[in-house]
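Taken in order, these protein sequences are the chains called X and L. Heads up: the first sequence runs through residues 80 to 191, numbered per the numbering used here. Heads up: the second sequence runs through residues 1138 to 2048, numbered per the numbering used here. Just so it is clear, CB atoms sit at the ideal spot from N, CA and C, and this is done for glycine as well.
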Amino acid sequence: MGENKSDVLQGTLDLMVLKTLESMGLLHGYGIARRIEQVSADTVSLNQGTIYPALLRLEQRGWVKSEWGTSETGRRAKFYSLTRNGRKQIEQETENWERVAATMARFLATSK
Amino acid sequence: MDWVRVVLSRCGALLRRQKLDEDLEEELRSHIEFAVEENVKRGMSAQEARRAALKEFGGMAQTKETYCVQRGLPLLETLARDIRFGVRQLRKSPGFAITAILTLALGVGSVTAVFSVVNGILLRPYAFLDSGKVVVWRESIREMEHVAPLLPDNYRHYLNLKTHASTIQDAAILQTAGFSVSGNGGPGDGGSGDIDHPQMTEGLAISPNFFSVLGVTPVLGRTFTSDEAVAGRDQEVILTWGAWQRLFRGSESALGSTLRVDGTAKTVVGILPRSFRFPVMSIMAGQASHGSTERYEIFKPLVPMPNELIEDDGDFNFLVIARLKPGVSVRQAQSELDGIEKATAAADHLAIHLGVSVEPFAEEITGDIRKPLWLLLAAVTGVLLMACVNLANLQIARGMAREHEIALRSALGAGSSRLLQGLLIENLLLGVIGGLGGAAFAIVAQKLLALTAASLPRLNEIHMSGPTLGLALGLSILTSMSFGIFPALRSLRVQPQRALQSGSTRVSGNKQAVRSRRVLVAVEVACSVTLLVVTALITRSFSHVLTQDRQFDAQHVSMAKADLSAPRYSSGVAMPDNPGADEGSLTRDAMIDRTLDRLRALPGVQSAAMTSVMPLTGDMSVDGLVRPDHPVPEGQIPLANRRFISPGYLEAMEIPLLAGRDFDLRDRKNPRVVILSDKAARAAFPGEEALGHTIHHWGRDYKVIGIAADARINDLKRNVAIYYLPHWDFPPANPVFVVRSSQSIESLGPEMRKSIWAIDPDISIPTVVALDAQVGESVATERFQAIILSSFGGAALFLAVLGIYGVLAYSVSLRKQEFGIRVALGSNRSQLARLVLMDAFYPMFGGIALGLMGAAAAARWVSSLLYETSSADPLAIGLSLAVLLLAALLASLLPVRSATSADPMRALRTE
């Protein structure tokens, strides 16, 4: 996991997924992808498929859990939800992200 | 511990892969269905909706791939795949795989087996504290150097050196001793009552500090105290663990109980640790001490004789071991001790020039066996080297054959690191399988080695240990990897498009590979020439030892050694220099005569006789041949081995009598008679007739009545001077009865025991052996060398043949078309054969030239091991070359046949 660029992106996507689950509760992969697109008002062009490796990664770390269920339209799908560790992780990630964002903002301000 | 969870989940995923794949499949399908559903709701047609859904999703295949990588352990999975692929590749070419594995197993296995022997005998430290600090010192007398460069030690000199030397911590003195042991049947007897006749065992008489010098403490009881090394108070013994188990069944009550040793009761005061073994030390320097290190079982305090305490220029009867002070080298100790010895000798105005020589204990014990063992290790390493070369050869050939495949794979997009990984894994597989085979082979070979080497020192301590077997596996993997990787790298360098072009370009493209294979074959030939020549030399030398004229006949002779050390045989003054009609001598004399009478009466016995020293056990009882009529200065007196024999001994051994007569019963009245061996006679009476002259011995004159042929009864390899005296002059304490009979030792041995025990059941009989077995035993080291080297030579030859065959067969297969065209153009078969043979010619003769140089160097190194064989023995060298050439010819037969049978029609068709 060494490539910086994908690392940043990866981290962003992870946080987005976690945040989505925090606000929406139980949700399937397609729902998460759509929700991210909506919230970011289509400024993020997401290859929806990339959501699945991200979900797997989060699940492996024990931040989300998954179970098979049925959607309101009666379709069988895998539903994801946050775990207790996941909630803690959101706090941490948010803090990190804010720090990075603040730092970047300061840099951008000075270089003006 | 996030990563633990991740790894666990990944590992778990490996096991449930199929289920998870299905899950993923379904999840992605439902994703698309959701999207289609939504798109349709927005008003797209079903087809449009699906296309849009897929587009938004991104690459389906990429997602699955990333997902799988994230899920499992990708490295492990590709590894598993590569291993499976490797196994498949090897199974596809079983010829290559089996040859490579066998080659590896053979090479690695034999190196491991020999190494375990070398390690056990030469390298493994003794079970003493810091055993590298233990040394042995011996004395030398300049006036005696031509007979014996190094002597055992004198007691007075030992005390002097021990007191004054500052380089040694402490030194202990010892003497080997044989004991006849029996339980005393009393209440303290720990269960040794099942011994009918006393058992003979060996041990050491030691100074009380012996165990502290070695740094060994008894597990039970104590060592000796200094007041126990005093005459009359030496009533204690210490037992080894083995003897304790055997005599007392390991019972703790053994401490304090008594044991009858040489007819007197001794108290057991200590039991030594289980790991303690003291190797057999030979009294003369430079000889390997053959025999099991479990031979010494009993230790008793050493009490020097009164004369040994005052004697300065004789009585070199002891051995000394010492522990160096920390930081002191053997050389420093040597120079200090030698200096003290010389200074003391000068101060005391001694007529002889003394010196001291110090040697590490381990080297002293292994003596003359060191070089043969290193030779074997060198030879077997040569075999391993050849195995490596063969392997490299095989790999190059295989690489060439697979160029096409590899080019195809890399053209299809296989990364070179993946290709390399695959090739390495294939080699790893070969290495592991070869190593396992080698370990199995080593276990068997080591047993065989031990069997062949019956009499090497410490042989009983050799065993195949886990680490050694691990080493074999490691060596095998290392070999297969390192000799596989270069050919593998070579094949990776090949340009895909060139290799993918038609087959004919392969031939020219591989000139370099063919050349390197030829170099490898030359190396192989060189190795095998060297090995074969050394083997031939050693074998020739061994056959010289066996076939030379030894002037005695070892067949149909059985021997039994009796021990007459019980008090009734040794009462009275029994000093050799003061013989007389003391009671013990008379008893021994009577015992010998009565035994001989009984032995002669046994059925099938042609003759029975007795000698004082077991044949083929080397020099013993060496004394000067002094002529009263012709005084010679001290130091120039010829030396000879003294043997007391009964009348008929020469006849029983079939030692020819050259002049005069044998002893007979008339000589009992006039016992001052002597028989000289031819060499002794010529040494004492140069240019004169010895018969009728006199020899001065033990203060009396002995008349020479016979001259016997020079029989090599001490040592097959040396012709030594011997003088024989009639046994009644001084009946030996360890008579060896010699019986020539048509009966074998198996039936005669028990009869001989019975005859001796019929006279006295308390006599122990330590040895009953056939003379030819004794002869065989005396050349065991030489035989071991010859047999093992021959098998290595055979292996080397086999590998060389394999190598030559491989190269020729391959080049013929590449040139098949060319040969076909040649035939079509009118070439005849013999021209084709010559073409093929020329291919083998350069590597062969280059290799032979190289090998002869190697052999010259090796022969110089082994020349000290050769007996009456020149290290440039033409027969040995010629024979080795002839065998090699014949084998090479054999190896090229098949390729030549296949070349000359080239079918012109087929060649033209494929063109």
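Counting along the chain, the unbroken alpha helix (DSSP H) around Phe1233 of chain L starts and ends at 1231 to 1255. Separation of Gly1574 of chain L and Leu1531 of chain L (C-alpha to C-alpha, rounded to the nearest whole angstrom) is 19 Å.
Take Pro1765 of chain L, set aside five residues on each side of it, and the residues of its chain with a beta-carbon closer than 7 Å to its own are Thr1831, His1833, Asp1838, in chain order. For the region 151 to 170 of chain X, the beta-carbon criterion of a distance under 8 Å to any beta-carbon of chain L is satisfied by Thr152, Arg154, Arg155, Ala156, Lys157. One thing to note: Arg140 of chain X has its Cβ no nearer than 8 Å to the Cβ of Thr149 of chain X.
Look at Asn126 of chain X: its C-beta is under 8 Å from a C-beta on chain L. Here Asp1307 of chain L carries a strand assignment [DSSP, helix/strand/coil].
Leu1606 of chain L sits close to Ala1579 of chain L, with the two beta carbons spaced by under 8 Å. Under the DSSP assignment, Gly1572 of chain L falls in the alpha helix (DSSP H) whose first and last residues are 1553 to 1589. Here Met1197 of chain L really is in contact with Gly128 of chain X; their C-beta atoms are around 7 Å apart, less than 8 Å. Here Ile1447 of chain L is exposed: its Cβ has fewer than 16 other Cβ atoms, across all protein chains shown, within 10 Å.
Taking CB atoms only, Thr129 of chain X has a neighbour in chain L less than 8 Å away. Here Met1747 of chain L really is in contact with Val1875 of chain L; their C-beta atoms are around 7 Å apart, less than 8 Å.
For Leu135 of chain X, the chain L residues whose C-beta falls within less than 8 Å of its own C-beta are Tyr1204, Gln1207, Arg1208, listed in chain order.
The distance from the Cβ of Thr1616 of chain L to that of Gly1568 of chain L is about 7 Å, consistent with a contact at the 8 Å cut-off.
In the structure shown, the three-state DSSP call for Met1601 of chain L is coil.
Within 9 Å of the CB of Ala1250 of chain L, no CB atom of chain X is found; the nearest one sits about 49 Å away. Here the C-alpha atom of Val1356 of chain L lies approximately 19 Å from the C-alpha atom of Pro1438 of chain L. Using a Cβ-Cβ cut-off of 8 Å, Gly108 of chain X counts as an interface residue toward chain L, since at least one Cβ of chain L sits closer than that to its own.
Listed along chain X, the residues sitting closer than 8 Å to Met1197 of chain L by beta-carbon distance are Gly128. In this structure Leu1311 of chain L is not in contact with Ala1264 of chain L, their Cβ atoms being roughly 17 Å apart against a cut-off of 8 Å. Interface criterion not met: the Cβ of Ala2039 of chain L is under 8 Å from no Cβ in chain X.
Think of a sphere of 9 Å around the beta carbon of Ala1237 of chain L: no beta carbon from chain X falls inside it, the nearest being about 39 Å out.
With its beta carbon less than 8 Å from one in chain X, Glu1193 of chain L belongs to the interface. As summarised for the region 1816 to 1876 of chain L, the continuous beta strand (DSSP E) elements at least 3 residues long and confined to that stretch are 1831 to 1834, 1837 to 1845, 1859 to 1863, given in chain order. For Arg1959 of chain L, the enclosing alpha helix (DSSP H) covers residues 1917 to 1961. Look at Met1728 of chain L here: in three-state DSSP terms it is helix.
Excluding residues up to 5 positions away in sequence, Ser1948 lie with their Cβ nearer than 7 Å to the Cβ of Val1651 of chain L in the same chain. For the beta strand (DSSP E) assignment, the region 1525 to 1552 of chain L encloses no uninterrupted run of at least 3 residues. For Ser1617 of chain L, not one C-beta of chain X is nearer than 8 Å to its own C-beta.
Chain X has no Cβ within less than 8 Å of the Cβ of Ala1183 of chain L. Listed by position along chain X, the residues whose Cβ is nearer than 8 Å to that of Ala1172 of chain L are Tyr109, Gln127. Residue burial annotation: Val1350 of chain L is buried, with at least 16 other C-beta atoms found within 10 angstroms of its C-beta. Chain X has a Cβ within less than 8 Å of the Cβ of His1168 of chain L.
When rounded, the separation of the alpha-carbon atoms in Glu1955 of chain L and Val1938 of chain L is 25 Å. Put simply, of L:Gly1886, L:Gly1149, L:Ala1848, L:Leu1813 the residue whose alpha carbon is nearest the alpha carbon of Val1841 of chain L is L:Leu1813.
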